[in-house]
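Okay, so here's the structure we're looking at.
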Amino acid sequence: MSEHTITVAGVAVDTRHWIGGERVASTQTFPDVSPIDGRTIGEISRGTATEAAAAVAAAKAAFPAWAATSRAERARILHAIADGVEKRIEELAIVETTDNGALLRSHRRGVMPRVAHNFRFFADWLQSLDHEDFDTRGHTNHVSWDPAGPCVLITPWNAPLMLATWKVAPALAAGDTVVLKPAEWSPLTASLLADIAAEAGLPAGVLNIVQGYGSEIGDALTSHPDVRRISFTGSVPTAKRIAASAAANLTPLSLELGGKSPLLVFADADLDLAVDLAVEQYDNAGQVCLAGTRLLVEEPVAEEFTRRFVEKASGLKQGDPRDEATDIGPNIHNLQLEKIDGFVQRAVADGARAVIGGHRRDGQYYAPTLLADVAQDSEIVQEEVFGPVLTLQTFTDEDEAVRLANGTRFGLAATVTTGDPERAQRVTAQLVAGTVWVNCFFVRDLQAPFGGSRLSGVGREGGTWSFDFYCDLKNTVTAP
Ligand code: NAD
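For the sequence shown, the UniProt record's numbering begins at 1 and goes up steadily by one.
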């Protein structure tokens with residue numbers, strides 16, 4: 001084992017970048033800390049503009065050959081990567097849990113199988129993309145999905161490998177080459193993906209991975225003139241910086257950003273279902289972009305809903321994410337905890353009432369919190385907290401429900417619970433959101449468009465929409 005390999009729960013992980021099919025070390029490193037116990041897992045290569053340039057150069061050099069590879073061959077390699085992920089599900093799951101503190105049981109049974117599915121789905125969807133042909137006064141129009149070039153993919157820590165592969169898989173399927181920059185708080189599983197991709201036979205330089213702080217390596221990636229696509233998942237402030245940086249070359253962007261999504265409970269809803277869905281919003285310690293963090297409940301059932309919610313939420317077990325019985329693990333980082341607590345304490349000082357929670361717990365945990373008596377224009381209702389913090393507001397009719405639901409700068413998702421299908425139709429038609437769930441939550445199909453309106457994002461990915469983004473569409477007109 002090289003001096004750059006660390007062992008995480010028995011799994012060997014290389015701490016260097018992966019550039020042009022080789023491991024490359026930086027002279028400087030940054031510490032990767034586990035949210036489970038606050039201990040440093042290892043020192044990771046800390047990329048700079050030099051590594052960014054080398055990774056883009058490798059992606060550029062590998063592009064012509066990869067773009068010329070047949071669709072069937074690209075799909076074969078993506079399926080081989082999926083096989084590799086499936087073989088290593090246990091290892092990927094424990095490394096991800098150690099790195100970002102999300103539940104081991106979800107990684108094992110939900111997230112890592114989904115990572116493999118990301119590769120299989122886009123490999124297969126690629127085969128179904130038709131080259132469209134149509135006629136103009138005897139001339140043939142032939143529309144083709146051409147590979148676009150090197151892509152920079154930048155991802156967050158809340159679901160590291162799942163969100164990374166949701167971009168990597170369609171980009172590779174499209175015939176593009178990739179430079180992936182994982183979040184500095186969760187760098188490890190991306191490094192394992194490099195091993196898996198190499199074993200699956202992905203040619204050198206087609207997938208490159210650079211580690212480091214966004215503030216140090218980000219601009220060099222996003223302002224690079226050889227980069228043909230940038231897909232980013234993360235926060236709104238970072239997205240604005242990336243958009244400004246990409247503007248130099250008018251590099252096309254896909255931005256999947258934050259949310260402050262509403263969960264509406266009408267008086268005619270199945271209240272047990274509504275309570276189950278509301279408590280589910282604490283999943284991943286509230287670090288889910290799609291979370292319905294604003295509970296909007298119709299007046300006549302508000303008291304009963306709150307009583308049942310408190311009863312159910314009080315039964316949640318918070319603790320070590322490796323324990324099968326745990327429902328809520330730690331938050332990612334002390335800085336994030338301070339941010340969460342800052343939001344809550346300012347809200348309470350502003351008159352909010354903590355129905356449950358409202359405080360930190362020992363270690364890196366935040367008590368699941370529900371805040372009532374909050375004003376629509378208050379910070380706690382308007383801003384994304386990204387922790388286990390929900391707000392409760394009531395409404396008296398459909399118009400008010402829609403007004404409150406749409407009353408933030410975000411538009412990522414919304415959940416509506418009602419027993420009346422016509423009401424569901426009326427309300428969903430008026431909601432501003434990329435995804436709306438009726439009497440359910442987090443049902444996601446990779447063929448659906450995914451993204452956000454307003455500050456929640458720019459563009460859509462998923463199914464054909466991913467290929468719309470990662471391909472250059474070309475129309476060739478041939479005379480008779
Ligand atoms: P973040 O914006 O701080 O960081 C995301 C990534 O951007 C990291 O890899 C970081 O290193 C990088 N980065 C930072 N500065 C950069 C720069 N100047 N140039 C280039 N890259 C830079 O976000 P985060 O805290 O890691 O993630 C949480 C946010 O992500 C929340 O707002 C959440 O809602 C959002 N999110 C959105 C979705 C979605 O699909 N819409 C999914 C998950 C998370």
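The beta-carbon is built from N, C-alpha and C at its ideal position, and this holds for glycine as well. Everything numeric in this text was worked out from a predicted model, so none of it was measured.
*In chain order, which beta strand (DSSP E) runs of at least 3 residues are fully inside the segment 264-308?*
Scanning the segment 264-308 from its first residue to its last, the whole beta strand (DSSP E) runs of 3-plus residues come out as 294-298.
*If you compare alpha carbons, which of LEU473, GLN430, THR464, ARG228 is closest to TYR400?*
On the sequence shown, position 400 is the one that residue 400 refers to. The question names Tyr, but residue 400 in the sequence shown is Glu. Residue GLN430 is the option with its Cα nearest to GLU400.
*Find the nearest neighbour of ASP468 within the set LEU253, ALA433, LEU412, judged by alpha-carbon distance.*
Here residue 468 corresponds to residue number 468 of the sequence shown, with the count starting at 1. By alpha-carbon distance to ASP468, the top candidate from LEU253, ALA433, LEU412 is LEU253.
*LEU172 beta carbon less than 8 Å from that of LEU92*: For the purposes of this step, residue 92 is taken as residue 92 along the sequence shown, with counting starting at 1. For the purposes of this step, residue 172 is taken as residue 172 along the sequence shown, with counting starting at 1. Going by C-beta atoms, LEU92 is not nearer than 8 Å to LEU172.
*Using 8 Å as the Cβ pair cut-off and three pairs as the minimum, do the segment 105-124 and the segment 45-54 touch?*
Contact between the segment 105-124 and the segment 45-54 is not established, with fewer than three Cβ pairs separated by less than 8 Å.
*Around the C-beta of ASP397, are 16 or more other C-beta atoms found within 10 angstroms, so that it is buried, or is it exposed?*
If you number the sequence shown from 1, residue 397 lands on position 397. ASP397 is exposed by the Cβ-count criterion.
_On the criterion of 16 or more Cβ atoms from any shown chain inside 10 Å, does PRO130 qualify as buried, or is it exposed?_
For this step, residue 130 is matched to residue 130 along the sequence shown. The sequence as given places Asp at residue 130; Pro does not occur at that position. Exposed.
*At a cut-off of 7 Å, is GLY234 close to the ligand NAD when judged by its beta-carbon and the heavy atoms of the ligand?*
As a position in the sequence shown, residue 234 is number 234, starting the count at 1. Because some heavy atom of the ligand NAD lies under 7 Å away, the Cβ of GLY234 counts as near it: yes.
_On the DSSP letters alone, give me the boundaries of the beta strand (DSSP E) that ILE230 sits inside._
In the sequence shown, the residue the question calls residue 230 occupies position 230. Membership of ILE230 in the beta strand (DSSP E) is indicated by the continuous run 229-233.
*Is it right to say LEU335 is buried, meaning 16 or more other beta carbons lie within 10 angstroms of its own, or is it exposed?*
Your numbering for residue 335 matches position 335 in the sequence shown. LEU335 comes out exposed.
*Could you check what DSSP says for TYR470 in three-state terms: helix, strand or coil?*
Start at 1 with the first residue of the sequence shown, and residue 470 comes out as number 470. Of the three classes helix, strand and coil, the one that applies to TYR470 here is helix, per DSSP.
_Buried/exposed call for ILE440, threshold 16 Cβ in 10 Å_ = Indexing the sequence shown from 1 puts residue 440 at position 440. One point to set straight first is that residue 440 is Cys, not Ile, in the sequence displayed. By the neighbour-count rule (16 or more Cβ atoms within 10 Å), CYS440 is not buried but exposed.
_Local conformation of GLN393 per DSSP, three classes_ = The residue labelled residue 393 in the question sits at position 393 within the sequence shown. Collapsing the DSSP output to three states places GLN393 in a strand.
*Going straight from the alpha carbon of VAL477 to that of ALA65, what length do you get?*
Walking along the sequence shown from the start, residue 477 turns up at place 477. Walking along the sequence shown from the start, residue 65 turns up at place 65. Just so you know, the alpha carbons of VAL477 and ALA65 end up roughly 26 Å apart.
*Mind reading off the beta-carbon distance from LEU257 to SER235? Whole number of angstroms is fine, and I expect it under 8 Å.*
Counted from its first residue, the sequence shown places residue 257 at position 257. Counted from its first residue, the sequence shown places residue 235 at position 235. Contact between LEU257 and SER235 holds: their C-beta atoms lie close to 7 Å from each other, under 8 Å.
*asked:* For ARG360, which residues in the same chain have their Cβ closer than 8 Å to its Cβ, ignoring the five residues on either side in sequence?
replied: Position 360 of the sequence shown, counted from the start, is the residue given in the question as residue 360. Taken in chain order, the residues that qualify are LEU337, ASP341, TYR366, ALA367.
*asked:* I'd like to know whether the C-beta atoms of GLY459 and GLY451 end up nearer to each other than 8 Å.
replied: By one-based count along the sequence shown, residue 459 stands at place 459. By one-based count along the sequence shown, residue 451 stands at place 451. Cβ distance < 8 Å, so GLY459 and GLY451 count as in contact.
*What's the call for residue 503, buried or exposed, on a 16-neighbour Cβ count within 10 Å?*
With the chain covering 1 to 480 only, the question about residue 503 has no answer from this structure.
_Since SER231 and LYS167 should fall inside the 8 Å C-beta cutoff, what is the C-beta to C-beta distance between them, to a whole number of angstroms?_
Here the question's residue 231 lines up with position 231 in the sequence shown. Here the question's residue 167 lines up with position 167 in the sequence shown. Contact flag correct, Cβ pair sits at about 5 Å.
*ALA183: beta carbon under 7 Å from a heavy atom of the ligand NAD?*
Residue mapping note: residue 183 aligns to position 183 of the sequence shown, counting from 1. Within the cutoff, so yes.
*asked:* Using the three-state DSSP reduction, which class does THR464 fall into: helix, strand or coil?
replied: Working through the sequence shown from its first residue, we reach residue 464 at position 464. Three-state result, THR464: helix.
_Please report the straight-line C-alpha distance between residue 482 and VAL206, rounded to a whole angstrom._
As shown, the chain starts at 1 and ends at 480. That puts residue 482 outside it, with no answer to give.
_Tell me the residue span of the beta strand (DSSP E) that contains GLU132._
Indexing the sequence shown from 1 puts residue 132 at position 132. Counting along the chain, the unbroken beta strand (DSSP E) around GLU132 starts and ends at 132-136.
*Got a sec? Which residues, its chain only, sit under 8 Å from ARG120 by beta carbon, not counting five neighbours each side?*
Counted from its first residue, the sequence shown places residue 120 at position 120. The beta carbon of ARG120 sits closer than 8 Å to those of LEU78, HIS79, ALA82, all from its chain and outside the five residues before and after it, given in chain order.
*Quick one: using the 10 Å Cβ neighbour count with 16 as the cut-off for buried, is LYS260 buried or exposed?*
The residue labelled residue 260 in the question sits at position 260 within the sequence shown. With 16 or more Cβ atoms within 10 Å of its Cβ, LYS260 is classed as buried.
_First through last residue of the alpha helix (DSSP H) which encompasses VAL348_ = The residue labelled residue 348 in the question sits at position 348 within the sequence shown. Bounds of the alpha helix (DSSP H) holding VAL348 are 334-349.
*Please confirm whether GLY20 and ALA194 have their CB atoms less than 8 Å apart.*
Here the question's residue 20 lines up with position 20 in the sequence shown. Here the question's residue 194 lines up with position 194 in the sequence shown. For GLY20 and ALA194, no; Cβs fall outside 8 Å.
*Does the Cβ of ALA102 have 16 or more other Cβ atoms within 10 Å, making it buried, or fewer, making it exposed?*
On the sequence shown, position 102 is the one that residue 102 refers to. ALA102 comes out buried.
*List the residues that DSSP assigns as beta-bridge partners of ALA12.*
For this step, residue 12 is matched to residue 12 along the sequence shown. Residue pairing of ALA12 in beta bridges, as defined by DSSP: THR7.
_Spatial neighbours of residue 485 in its chain, beta-carbon cut-off 8 Å, leaving aside the 5 residues before and after_ = Here the chain comprises residues numbered 1 to 480, so residue 485 is not present and cannot be evaluated.
*CB-CB under 6 Å to THR238, same chain, minus the five flanking residues each way: which ones, in chain order?*
Counting from one through the sequence shown, the residue named residue 238 turns up at place 238. Correct list: empty, nothing qualifies.
*Got a sec: does the ligand NAD put a non-hydrogen atom nearer than 7 Å to the Cβ of ASP32?*
Numbered from its first residue, the sequence shown carries residue 32 at position 32. In this structure, ASP32 has its beta carbon at no less than 7 Å from each heavy atom of the ligand NAD.
*What residues are listed by DSSP as bridge partners for TYR365?*
Against the sequence shown, residue 365 aligns to sequence position 365. Bridge partners of TYR365: ARG361.
*Is the Cβ-Cβ distance between THR306 and VAL344 less than 8 Å?*
Stepping through the sequence shown from its first residue, residue 306 is reached at position 306. Stepping through the sequence shown from its first residue, residue 344 is reached at position 344. No, they are not a contact pair.
_Following a CB-centred definition, is ILE242 positioned closer than 7 Å to any heavy atom of the ligand NAD?_
Within the sequence shown, the letter at position 242 stands for residue 242. True, at least one ligand heavy atom lies under 7 Å from that Cβ.
*At which residues does the beta strand (DSSP E) containing THR415 begin and terminate?*
In the sequence shown, counting from the first residue as 1, residue 415 sits at position 415. DSSP places THR415 inside the beta strand (DSSP E), whose first and last residues are 413-417.
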